[in-house]
Amino acid sequence: MNTMINNLAIFTEGDKINKPIVFVHGFPFDHFMWDEQVKDLNKNYYCVRYDIRGLGASPAGGGQFTMESFADDLEMVIDEMNLSKPILCGLSMGGYISLRAVERIQNKFSSLILCDTKSVADDNEGKLKRAAAIKQINSGDFENFVQSFVLNCFGERYVKENKTDYETVVNRSKSNDPVGVKGCILAMAGRTDTTNFLKNIILPTLVICGSQDKLSPPAVMQVMADEIPNANFILVEEAGHMTPIEKPEAVNKAIRDFLLELGY
Ligand code: MLT
214 MNTMINNLAI FTEGDKINKP IVFVHGFPFD HFMWDEQVKD LNKNYYCVRY DIRGLGASPA
274 GGGQFTMESF ADDLEMVIDE MNLSKPILCG LSMGGYISLR AVERIQNKFS SLILCDTKSV
334 ADDNEGKLKR AAAIKQINSG DFENFVQSFV LNCFGERYVK ENKTDYETVV NRSKSNDPVG
394 VKGCILAMAG RTDTTNFLKN IILPTLVICG SQDKLSPPAV MQVMADEIPN ANFILVEEAG
454 HMTPIEKPEA VNKAIRDFLL ELGY
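When the sequence shown is numbered by our numbering, its final residue is 477 and no position is left out of the sequence of numbers.
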């Protein structure tokens, strides 16, 4: 970790004079999920990652989070680190945070990358699933909750062919504080729907989706991309919900091509 700001663990790589990219990870992961992207991009971009409050090295505190407080944290990172018009890159829950931040303060960003995420809020069935997850964790079954949630995030092939890496991700996720994990679940259940704002996004946007993503399926992400006036949609074959981990070369190429075309 490079620094702690307001109890948020921040990790930076690359030269500060370069264009900044802020990466916002998914649930129930932490900043490590962007390792392959940062390895590839840090020579040309100033890469800023942080652990969402309650996950990884950012303490849960009281554990009462909202999507608004997560967007506040993102804004705080940008302000405290004096990042000038960063590129914003979010996956899944990180995408929910990014979309809400863009809805609130899009003039602070230069462009947007949305990976395996969606603008629609949880429907009743989704909210009930979140409630069941909290019940399971409260009954002492935290590890099984994490195990099955993470399994659902990956494409079958990745799990079969990358057992060691996959187990590392699972164990890392299990090491989170259950209080923080429950806080994130409640924040996701209570988030607003950002779909109506998509047509007002003026940022050049890249939308990346794994062809086997069960949580943010390609059909849903394609509709979202179609609503954003200046968006490119990239489908990554043979990947589930965790495209940056499952298919790093394809994701890195998509990001590089997008940024080069923008002249960054
Ligand atoms: C994530 O990857 O951040 C989560 O799957 C998002 C969700 O559960 O809605």
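Backbone N, C-alpha and C fix where the C-beta goes; we use that ideal spot for every residue, glycine too.
The model shown is predicted, which means the values in this text are computed figures rather than measured ones.
For residue i: DSSP bridge partner residues
i: residue 235; result: 261, 301
i: residue 245; result: DSSP, once it has assigned bridges, lists no residue as partnering residue 245.
i: residue 276; result: Answer is none; residue 276 lacks a bridge partner.
CA nearest to the CA of residue i, picked from the options
i: residue 310; options: 412, 397, 470; result: 397
i: residue 294; options: 404, 435, 224; result: 224
i: residue 226; options: 259, 248, 452; result: 259
i: residue 330; options: 350, 304, 230; result: 304
i: residue 252; options: 477, 471, 458, 473; result: 458
i: residue 342; options: 281, 292, 236, 401; result: 401
i: residue 318; options: 340, 336, 285, 302; result: 285
i: residue 228; options: 246, 344, 256, 392; result: 256
Euclidean distance between Cα positions of residue i and residue j
i: residue 283; j: residue 379; result: 27 Å
i: residue 438; j: residue 461; result: 21 Å
i: residue 277; j: residue 219; result: 16 Å
i: residue 454; j: residue 358; result: 17 Å
i: residue 288; j: residue 428; result: 26 Å
i: residue 348; j: residue 297; result: 42 Å
i: residue 307; j: residue 386; result: 16 Å
i: residue 346; j: residue 230; result: 43 Å
i: residue 465; j: residue 250; result: 6 Å
i: residue 433; j: residue 392; result: 31 Å
Sequence-distant residues of the same chain with beta carbon closer than 7 Å to residue i, five excluded per side
i: residue 353; result: none
i: residue 370; result: 451
i: residue 390; result: 267, 273
i: residue 475; result: 324, 417
i: residue 412; result: 440, 442
Own chain residues within Cβ distance below 6 Å of residue i, not counting five before or after
i: residue 316; result: 407, 410
i: residue 271; result: 221, 222, 264
i: residue 445; result: 419
i: residue 235; result: 261, 299, 301
The ligand HEM heavy atom lying under 7 Å from the CB of residue i
i: residue 366; result: The ligand HEM is not part of this structure, which contains only the ligand MLT.
Same chain, Cβ closer than 8 Å to residue i, neighbours up to 5 away in sequence not counted
i: residue 291; result: 235, 299, 321
i: residue 405; result: 280, 313, 334
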